[in-house]
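The structure appears right after this line, and notes come after that.
Numbering (my numbering), first residue to last: 3 to 292.
Below, the structure is given as structure tokens:
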């Protein structure tokens, strides 16, 4: 991995993830890019709608809105300059960019144009109505981006990965092919990679069949068969989180966008739920990665 993109909104969650980004950049010998997205269009809509609820009759004068956005851009520029100065003192050269639109769109475009290998971002998590209907920026990133995304919860303490759990049902070849990426990432960090298949009552499978499939995948990617496991739980998400805790794993990895129709929807929902609920860093890969 030669190019790492760190996304920041200068929040507590972002500042927490910054330590991971700098540590990984040094460990991987990569070049660090830092992006802040202002989402100017949405800000304009939000401020216009705040008092009237009608875009055609804005409750705030356009010049007032634009002045507010200019002030926010100045704040972002000042914060980015401070961040760059801090990183330079740590011996890290950084490319900074402040974009105008929605973060997942801007980050995806920037990553494609600049050969980004990994995106890192903090996550606040969400619950209730917000999680069900809006989601977090981290969820939007793993849903739309074709680059690997590493999300860091505010609950992460120290990031010194020794063990990473890769969760899947190991059926689809296009998903299994991403195991090679997970293994390369784990190897680069000196971490052990473990494969886990969560067996649930809703999608129950006999152990012999699951074991044969896991062994085949492990052999293909040069993973010790002793580092594969079938874990039983009521839901896939709960099983992944429980097994990661049981094994004292430092990171969870999962591949998304590997299916079609309802199965794709279910798989993507699991990934987004993990990103939102896991106290451990989550590396989200995509089956249709570039």
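All C-beta atoms, glycine included, are put in the ideal place defined by N, C-alpha and C. Owing to the predicted nature of the structure, the values given are computational and were not obtained by experimental measurement.
Practice problem: Would you mind sorting residue 152 into buried or exposed? The rule is 16 or more other CB atoms within 10 Å of its CB. | Solution: To locate residue 152, count along the chain shown from 1; it is residue 150. Buried.
Quiz prompt | C-beta contact flag for residue 232 and residue 198 at 9 Å | solution = Taking the first residue of the chain shown as 1, we reach residue 232 at position 230. Taking the first residue of the chain shown as 1, we reach residue 198 at position 196. Closer than 9 Å, so yes.
Quiz prompt | Proximity below 9 Å, CB of residue 256 to CB of residue 169 | solution = For the purposes of this step, residue 256 is identified with residue 254 of the chain shown, where counting begins at 1. For the purposes of this step, residue 169 is identified with residue 167 of the chain shown, where counting begins at 1. Yes. Within cutoff.
Practice problem: Give me whichever residues DSSP pairs with residue 194 in a beta bridge. | Solution: Reading the chain shown from its first residue, position 192 is the one you call residue 194. Note: residue 194 sits in a beta bridge opposite 165.
Quiz item: Do residue 120 and residue 24 come within 9 Å of each other at the CB atom, strictly closer than that value?
Solution: Locating residue 24 in the chain shown gives position 22, where the first residue counts as 1. Locating residue 120 in the chain shown gives position 118, where the first residue counts as 1. Contact: no.
Self-check item: Nearest-angstrom Cα separation, counted from residue 218 out to residue 210
Solution: Counting from 1 along the chain shown, the entry for residue 210 is found at position 208. Counting from 1 along the chain shown, the entry for residue 218 is found at position 216. Rounded to the nearest angstrom, the gap between the Cα atoms of residue 210 and residue 218 is 12 Å.
Exercise. Measure the beta-carbon distance from residue 282 to residue 251 and round it to whole angstroms, keeping in mind my assumption that it falls under 8 Å.
Key: Translated into positions along the chain shown, residue 282 becomes position 280. Translated into positions along the chain shown, residue 251 becomes position 249. Correct: roughly 7 Å between the Cβ atoms.
Quiz item: What residue range is occupied by the uninterrupted beta strand (DSSP E) comprising residue 98?
Solution: Here residue 98 is taken as the residue at index 96 of the chain shown, counted from 1. For residue 98, the enclosing beta strand (DSSP E) covers residues 96-101.
Exercise. With residue 37 as the anchor, note down where its beta strand (DSSP E) starts and where it stops.
Key: As a position in the chain shown, residue 37 is number 35, starting the count at 1. Taken as a continuous stretch (DSSP letters only), the beta strand (DSSP E) holding residue 37 covers 33-39.
Self-check item: Backbone secondary structure at residue 233 - three-state DSSP
Solution: As a first step, residue 233 is located in the chain shown; it is residue number 231 there, counting from the start. Residue 233 falls in the strand class under three-state DSSP.
Quiz item: Do you know offhand how far residue 200's Cα is from residue 184's?
Solution: Taking the chain shown and counting its residues from 1, the one referred to as residue 200 is at position 198. Taking the chain shown and counting its residues from 1, the one referred to as residue 184 is at position 182. When only Cα atoms are considered, residue 200 and residue 184 end up about 18 Å apart.
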